[in-house]
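According to my numbering, the sequence shown holds residues 65 to 367 in order. Below: one structure, written as structure tokens.
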Amino acid sequence: MEAFLVGLIAATLRVATPLILGTLGELFSERSGILNLGIEGTMFLGAFTGFAVAYTTGSLWLGLLAAVIAGVLAGLLMGLLTVTLGVNQHVSGLGITLLTTGISLFLYRVIFGERSVQPSIATFTKVSPFGDTPILGPIFEQYLLTYIAIALVPLVWWVLYRTSFGLHLRAVGENPEAADAAGINVFRIRYLALAIGGGLMAAGGAFLSLAQLGSFIFGIIAGRGWVCIALIIFANWLPSRVLWGALLFGGVSALQLRLQSTGAQLPYELFLALPYLVTILALVLAGRSATAPAALLKPYRRE
């Protein structure tokens, strides 16, 4: 039983990592008043770009950097559509998801072609700050990216609530007219928020290909981007609750995998659906008291 719980907690941290990164990215976007439904495609683009660059250069860190840059570009494209051109945010986000997914699949076939054996790379190695210490050693034997993702939670809180950029970002997301009247450049703040958010989303996707799988498959994101959208509501747009929401989904996902391996006599489809059912339930319960940024989904035009 102890080994089961230790393995479950360790797996929870790994599964939650891309969700933490993706949800923090969406947090920046939505706090500025932009709903970025391009998150699923941006994570997919990050997973592909990171893998392709790491495969061709042999450098995992270069792959991660390339993924982040690709995510920033996707965020800037979202800014061009929604901030500059004023296109509907739902349409823009879904369009970016379709565009980045299509580009990734096209380039994958161009670079790797049709292969009988899936190309793969050596993944990031895990770090173990507690060494062979019982219980703590196995639990905290994680990828460095997992620790970076967790450390980003207080950092994002500090940026949002202790810096002038964070103050401007929240002001733009609540009342862009008043922010503009106070001398805040609404357009620049929203572009910055989308660029930062896109970079974090892509890093979440790259974690899957560079650390967790060591390869790139077409279903690699598996709806995690949409889960991040739900986690934002669960977190009530607060960085600290983003972590708990990601750990909840990660924990249930890790639990269903382990229950399947124990040979539990239940349809495997039920196990696969379990994390999403729990997410929906949590969303229903938390959504009643959720308070979205007042200017979310509202385009801003200077009079």
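Glycine is no exception: its CB is placed at the ideal position from the N, C-alpha and C atoms. Predicted, not measured: the structure shown is a model, and the values here were computed from it.
Is it buried or exposed for residue i, if we count other Cβ within 10 angstroms and need 16 for buried?
i: H154; result: exposed
i: M65; result: exposed
i: W301; result: buried
i: Q276; result: buried
i: Y370; result: The shown model of the chain, from 65 to 367, leaves out residue 370, and the question about it has no answer.
i: E178; result: exposed
i: T10; result: Residue 10 falls outside the range modelled here, since the chain spans only 65 to 367, and no answer is possible.
i: E333; result: exposed
i: F170; result: exposed
i: L84; result: A quick correction: the sequence has Ile, not Leu, at residue 84. It counts as buried.
i: F194; result: exposed
i: P303; result: buried
i: A116; result: buried
i: T161; result: buried
i: R78; result: buried
i: V181; result: exposed
i: L88; result: buried
i: V220; result: buried
i: V136; result: buried
i: T227; result: exposed
i: L258; result: buried
For residue i and residue j, what's the separation of their Cα atoms in angstroms?
i: T121; j: P357; result: 42 Å
i: I98; j: T164; result: 19 Å
i: L307; j: P240; result: 28 Å
i: A235; j: A243; result: 6 Å
i: Q206; j: P339; result: 22 Å
i: G201; j: K190; result: 12 Å
i: F298; j: A354; result: 7 Å
i: I285; j: I133; result: 19 Å
i: G159; j: S325; result: 38 Å
i: L140; j: F282; result: 24 Å
i: L341; j: L312; result: 12 Å
i: L69; j: A359; result: 43 Å
i: F351; j: G287; result: Correcting the residue identity first, residue 351 is Gly in this sequence and not Phe. Their Cα atoms are separated by approximately 20 Å.
i: E367; j: L101; result: 27 Å
i: A131; j: G268; result: 9 Å
i: W290; j: E104; result: 6 Å
i: S317; j: T187; result: 21 Å
i: F280; j: V348; result: 33 Å
i: L149; j: S156; result: 10 Å
i: L128; j: G261; result: 15 Å
i: P198; j: S192; result: 12 Å
i: Y172; j: A118; result: 13 Å
Do you know whose CA, among the options, lies nearest residue i's CA?
i: L321; options: G102, V70, L312, F335; result: F335
i: A213; options: R365, I203, F298, G86; result: G86
i: G114; options: G263, R352, T161; result: G263
i: P82; options: Y211, F176, G127; result: Y211
i: L231; options: E367, S184, G269, R254; result: R254
i: E90; options: L169, I296, A215; result: I296
i: I167; options: F108, T343, A74; result: F108
i: L272; options: S96, K362, I185; result: I185
i: L208; options: G314, L124, V250; result: L124
i: A74; options: V136, A80, I203, G135; result: I203
i: G53; options: V348, L323, T343, P363; result: As displayed, the chain neither begins before 65 nor continues past 367, which places residue 53 out of reach and without an answer.
i: G237; options: A245, T146, S93; result: S93
i: R305; options: V217, G247, R252; result: V217
i: F229; options: A111, R95, V136; result: R95
i: I293; options: A346, R252, V250, L274; result: A346
i: P363; options: T146, T343, F112; result: T146
i: A246; options: A80, L233, V151; result: L233
i: A138; options: V151, G110, N152; result: G110
i: A80; options: I248, P183, L319, A337; result: L319
Under the DSSP definition of a beta bridge, which residues are partnered with residue i?
i: V191; result: Q206
i: S279; result: S184
(message) Ignoring anything shorter than 4 residues, give me the alpha helix (DSSP H) runs that lie fully in the stretch 230-259, in order along the chain.
(response) 240-245
(message) For a minimum of 4 consecutive residues, which ranges assigned as the alpha helix (DSSP H) are wholly contained in the stretch 274-339?
(response) 288-298, 303-325
(request) Please specify which runs of the alpha helix (DSSP H), each continuous and at least 4 residues long, are wholly inside the stretch 80-167, giving them in chain order. (result) 103-121, 124-143
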